[in-house]
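Visitor:
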Amino acid sequence: MEAVRCFTANRQDSWDVNLPQIAGALRSSVNRSTGFTQNKMMLGREVYSPADLVFPSQKITFPTESEYVYRLEDSIKNAHD
């Protein structure tokens, strides 16, 4: 909700028009907890926009699936201890 609030601060009369752009930005942002984007978690791949061809981003390295599962299991174990 913070993203919606920030993006629409000066556009309160048309906030609903901007929801697809906000959702796309959130879905392509790396989550601090998982290390993956929502697109990668749900689709198994990244979704690129035409702007990515013009303005390529830095290469982001993600943990392998087994590393992710190991970290997740470790986090759950620590939470229960």
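So in our numbering the end of the sequence shown lands on 193, straight run, no missing numbers. Ideal placement from N, C-alpha and C gives every residue a C-beta, glycine not left out. Because the structure is a prediction, the values reported are computed rather than measured.
1) By the three-class DSSP mapping on this structure, what secondary structure does VAL159 have?
2) Could you pull the start and end residues of the alpha helix (DSSP H) that ASP193 belongs to?
3) What are the partner residues of VAL116, as DSSP defines its beta bridges?
Guide: In short:
1) Here the question's residue 159 lines up with position 47 in the sequence shown. In this structure, VAL159 counts as coil in the three-state DSSP scheme.
2) Residue mapping note: residue 193 aligns to position 81 of the sequence shown, counting from 1. That residue, ASP193, is in no alpha helix (DSSP H); it is neither H nor E in DSSP.
3) Here residue 116 refers to the residue found at position 4 when the sequence shown is read from its first residue. BP columns for VAL116 are empty, so no partner.
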